[in-house]
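Chemist: In the numbering used here, the protein residues as written are 4 to 271.
#1: Let me check understanding here. Comparing Cα to Cα, which of 191, 199, 189 and 188 lies closest to residue 181?
#2: What did DSSP end up calling residue 180 once you bin it into helix, strand or coil?
#3: Could you pull out every residue in the same chain whose Cβ sits closer than 6 Å to the Cβ of residue 271, ignoring the five residues on either side in sequence?
#4: Should the region 98 to 118 be called in touch with the region 146 to 163, which here means at least 3 C-beta pairs below 8 Å?
#5: Measure from the alpha carbon of residue 246 to the alpha carbon of each residue in 144, 150, 41 and 43, then state which is nearest.
#6: From which residue to which residue does the alpha helix (DSSP H) around residue 151 run?
#7: Could you check where the beta strand (DSSP E) with residue 117 kicks off and where it finishes?
#8: Counting Cβ pairs closer than 8 Å, one from the region 80 to 89 and one from the region 64 to 72, do we hit at least three?
#9: Which of the three DSSP states, helix, strand or coil, is assigned to residue 186?
#10: Closest by CA to residue 102, which one among 152, 221 and 9?
#11: Could you check what DSSP says for residue 5 in three-state terms: helix, strand or coil?
#12: Grouping DSSP H, G and I as helix and E and B as strand, with all else coil, what is residue 158?
#13: Can you name the start and end residues of the alpha helix (DSSP H) that residue 40 belongs to?
#14: Do you know how far the Cα of residue 99 is from the Cα of residue 79?
#15: Using three-state DSSP, classify residue 110 as helix, strand or coil.
#16: Under the three-state reduction of DSSP, which class applies to residue 200: helix, strand or coil?
#17: Look up residue 133 in the DSSP assignment and give the residues it is bridged to.
#18: Does the region 232 to 247 come close enough to the region 51 to 58 that 3 or more CB-CB pairs lie under 8 Å?
#19: Is the separation between the beta-carbon of residue 83 and that of residue 115 shorter than 8 Å?
#20: Grab me the residues of residue 251's own chain with a C-beta within less than 7 Å of its C-beta, minus the 5 sequence neighbours each way, in chain order.
#21: Buried or exposed: where does residue 14 fall if 16 or more other Cβ atoms within 10 Å of its Cβ makes it buried?
#22: Under 8 Å, do residue 105 and residue 225 count as touching if we go by C-beta distance?
#23: Thinking C-alpha only, which one of 123, 243, 175 and 240 is nearest residue 150?
#24: Using a Cβ-based criterion (distance less than 7 Å to any ligand heavy atom), does residue 196 qualify as near the ligand ADP?
#25: Whole angstroms are fine: how far does the CA of residue 41 sit from the CA of residue 24?
#26: Please state the DSSP three-state secondary structure of residue 208.
#27: Just checking my contact of residue 61 with residue 76 at CB under 8 Å: how many whole Å lie between their CB atoms?
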């Protein structure tokens, strides 16, 4: 089963490398890589897709085929994050061109460790911070995503939890048009004025229940569609290993996030 999953992912990665011309020419001099970029990306997606908790478990699955040290695999997977980011960027650009009229933006918490361990956590110190979500306080980052009605990933942003949601919204949706839906956490007349562009973009922000602002039935129907992006966050965390406290470097954390997002995006 593991080989079938991996071979399917490697086939998809090979198509992406060929289509987007990602493969680099083999250098004429110097030592060749023990793990190629294509294999590193495929193994990275395998880890996220199969919900392997650690790179060590991936190494145990493939050490006979890889014929390299565990450290070599770790370095290859972390370095492959730059290629994964490039593929994500291309997919998001293509998604924006062919996106459904209706889009959704929301954010979620990315804890890097248990809150009780925050004072002793060193790896992400300087990047992570304390924040508050619907589940309570956490120590980590905030992930903001824009996706369309059909599931295409259109924009991503990693920030500290305290960064203003409206500022992130402006930045992540600067080049995205259509009907943008946001929840009550983004309520702002100024944001609506800044983002609304006649004939190109219309921002609909769900009002607070206490606000004396009425929504039409069709607007309420659009707001209800936000459950799709909430499902995205749920699936990313439960089935694609988005949240973790195991990496031992900043590169390891960021690589995990990017590989998780690409693995999920390829299933949409």
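Backbone N, C-alpha and C fix where the C-beta goes; we use that ideal spot for every residue, glycine too. Bear in mind that the values here come from a model prediction, so they are computed numbers and not experimental data.
Modeler: On the basis of the data shown:
#1: 199
#2: Taken through DSSP and simplified to helix, strand or coil, residue 180 comes out as coil.
#3: 154
#4: Contact holds: three or more Cβ-Cβ distances are below 8 Å.
#5: The candidate whose alpha carbon is nearest that of residue 246 is 144.
#6: Per DSSP, residue 151 belongs to no alpha helix (DSSP H); it is in the beta strand (DSSP E), 139 to 151.
#7: Run containing residue 117: none; DSSP gives neither H nor E here.
#8: no
#9: coil
#10: 152
#11: helix
#12: strand
#13: 40 to 52
#14: 30 Å
#15: In the displayed model, residue 110 falls within a strand according to three-state DSSP.
#16: strand
#17: 142
#18: yes
#19: no
#20: 126
#21: Label assigned to residue 14: exposed.
#22: The answer is yes: Cβ separation under 8 Å.
#23: 175
#24: No copy of the ligand ADP appears in this structure; indeed no ligand is present at all.
#25: 12 Å
#26: strand
#27: Right, their Cβ atoms sit about 7 Å apart.
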